[in-house]
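2 protein chains.
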Amino acid sequence: MDTTETARFVTALRSRILAGELPDGARLESERELALRHGLSRTTIRAGLQTLEASGLISRRVGRAGGSFVSLPTGDSVANSLQLVIGAGGISGPDLMETRLAIEPMCAELAAERMGKDGLSELSDIQSEMVSAMRVVGNPSNRQRFLTANARFHLRIAYGSGNAALAAILRGLIDPIEKLIDDPETLGETQLRELVRAHEAICSALQDRNGPRARAVMRKHLQAHLALNGRY
Amino acid sequence: MDTTETARFVTALRSRILAGELPDGARLESERELALRHGLSRTTIRAGLQTLEASGLISRRVGRAGGSFVSLPTGDSVANSLQLVIGAGGISGPDLMETRLAIEPMCAELAAERMGKDGLSELSDIQSEMVSAMRVVGNPSNRQRFLTANARFHLRIAYGSGNAALAAILRGLIDPIEKLIDDPETLGETQLRELVRAHEAICSALQDRNGPRARAVMRKHLQAHLALNGRY
DNA sequence: CGCATTTAATGGTAGTACCAATATAGAATG
DNA sequence: CATTCTATATTGGTACTACCATTAAATGCG
Chain H
1 MDTTETARFV TALRSRILAG ELPDGARLES ERELALRHGL SRTTIRAGLQ
51 TLEASGLISR RVGRAGGSFV SLPTGDSVAN SLQLVIGAGG ISGPDLMETR
101 LAIEPMCAEL AAERMGKDGL SELSDIQSEM VSAMRVVGNP SNRQRFLTAN
151 ARFHLRIAYG SGNAALAAIL RGLIDPIEKL IDDPETLGET QLRELVRAHE
201 AICSALQDRN GPRARAVMRK HLQAHLALNG RY
Chain A
1 MDTTETARFV TALRSRILAG ELPDGARLES ERELALRHGL SRTTIRAGLQ
51 TLEASGLISR RVGRAGGSFV SLPTGDSVAN SLQLVIGAGG ISGPDLMETR
101 LAIEPMCAEL AAERMGKDGL SELSDIQSEM VSAMRVVGNP SNRQRFLTAN
151 ARFHLRIAYG SGNAALAAIL RGLIDPIEKL IDDPETLGET QLRELVRAHE
201 AICSALQDRN GPRARAVMRK HLQAHLALNG RY
């Protein structure tokens, strides 16, 4: 394996990073120094660093105090690659909804156990925002406000689950899903009102710290979406 | 945004790919031609292609009929970035198990509805492999055989769900999880036998095309793991 | 026709030079 | 002394040239 010099350099540096030898935020040597140390040209070093940067393992800044800095990958990179695959059409609409249906009830259950007071109040703020946006949802910009707040509502619960993996996955799904469901035909005023009501029930279950109920209500809420336009 | 020439080139080419303008497998112009067409140096073009390759959007081959080829990202890139984040310690052990608990029951339910005859027979082959490996599980190499087959069992069901997103996610989780649970203390012969029994029940539910039962049995199976060593 | 050889095209690597951004050291100034 | 401006050093970003290694196609030969 690792036929090229660049690939060798990448795997070497990547394992040092993942092994924790280079802590988060650590500054690597300059490209010129790395080239000398590894007996490679700056060209090759730069190619390797480019790859590592694209993987989210380092970030680079120019300038005197600049250089390459270790940045341990977070859920962001998962969300990004998920969005890439979806954007490329590698995952169908029904797949998205099914995945959501797998993830979010679990998020709700965990959030009921773990979400703090501030998180819950943030959630009810978002809920108020949705209610106020709904009043004039005929206005296109308000419809957008409504949908954005809806996404934030679900994301906030995922964060509230305290589970980085679940949150990252939902973050990757939510934008494509939002575009998928934004259809005035199937998502009219009646449905929006129903949606707000469901959110109310979820909030209440979370405040009661009732995990199973939160899970059940969330599940029902999502399945209602699925039923709206049977096949996406 | 896109302060550097490289970044500009990357975003331009990426959107062309995601827009479907460049179909899967399409061959890009050579680096020298791209440089001319974009009025950039080959250096910059190469930097951009390096990034796109790391994102899984293109692959490159040397040689006369070589070049850069569009490769629409698949679940692999999601699995990879998931493994990167986990490898960097960005996701805890309990997070992993909870995510698994969210994903796999859904996989089982869908697989019960969608898995074909060949898939089911593959599954029972894997099951036989596990049974035969279990007989001499004291032997370390056989223990490895057993665990590998176990992973394949769960992955096969995820594929059988026909849902690319769920399969990709489990693929990213399974290796780290396998290492996590491979503890002779908590996973002794008694537990292995119990595990095989659970797999048997899952197989049977799938063959009966009983989705809800498949979901329930899978869920119970995973929760047994969780209970084994309460906190990972 | 079939096989070996040559040739041409590609990405990979090296090296040099210079540019642009930016933190730091130092000088000028109040 | 404090502040502000200026020079400077260090860094990544880009350009250009040259050559190598790999690979498939074109060519030649038997």
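Residue numbers (the working numbering), protein chains in the order written: chain H, 1 to 232; chain A, 1 to 232. For glycine and all other residues, C-beta sits at the position ideal for the given N, C-alpha and C.
Residues bridged to residue i by DSSP?
i       : result
H/Gly67 : H/Arg61
A/Arg27 : A/Phe69
Buried or exposed, going by whether 16 or more other CB atoms sit within 10 Å of the CB of residue i?
i        : result
H/Met106 : buried
A/Arg231 : Unreliable positioning characterises A/Arg231 in this predicted model, as indicated by a pLDDT of 49, which lies under 50. A coordinate reading is not provided.
H/Pro212 : exposed
H/Leu52  : buried
H/Met218 : buried
A/Gly162 : buried
H/Ala111 : buried
H/Arg171 : buried
H/Gln223 : exposed
H/Val62  : exposed
H/Gly48  : buried
H/Ser77  : buried
H/Gly188 : exposed
H/Ser132 : exposed
H/Ala12  : exposed
H/Glu99  : The sequence given here has Thr at residue 99 of chain H, not Glu. Its Cβ being crowded by 16 or more others within 10 Å, H/Thr99 is buried.
A/Gln50  : buried
H/Arg64  : exposed
A/Ala79  : buried
A/Asp183 : exposed
H/Asp95  : buried
Report back the beta-carbon spacing between residue i and residue j to the nearest angstrom; my notes put them in contact at under 8 Å.
i        : j        : result
A/Ala164 : A/Gly75  : 5 Å
A/Leu155 : A/Ile174 : 6 Å
A/His225 : A/Ile169 : 18 Å between Cβ atoms; not a contact.
H/Glu109 : H/Ala214 : 6 Å
H/His221 : H/Ala198 : 4 Å
H/Arg16  : H/Leu22  : 5 Å
With the cut-off set at 9 Å, would you say residue i and residue j are in Cβ contact?
i        : j        : result
H/Met97  : H/Leu192 : no
H/Leu166 : H/Ile103 : yes
H/Thr43  : A/Thr43  : yes
H/Leu101 : A/Leu84  : no
H/Gly67  : H/Glu122 : no
A/Ala149 : A/Met130 : yes
H/Gly20  : A/Gly89  : yes
H/Ser141 : A/Ser81  : no
A/Glu33  : A/Arg46  : no
A/Leu147 : A/Cys203 : no
> Are at least three pairs of beta-carbons, each pair with one atom in the region 190-209 of chain H and one in the region 111-127 of chain H, less than 8 Å apart?
Replying inline: Verdict: yes, contact present.
> Is the region 34-51 of chain H close to the region 117-133 of chain H, with three or more CB pairs under 8 Å?
Replying inline: Taking one beta carbon from each stretch, the region 34-51 of chain H and the region 117-133 of chain H have fewer than 3 pairs nearer than 8 Å; the two do not touch.
> Does the count of Cβ pairs from the region 71-87 of chain A and the region 44-62 of chain A closer than 8 Å reach three?
Replying inline: yes
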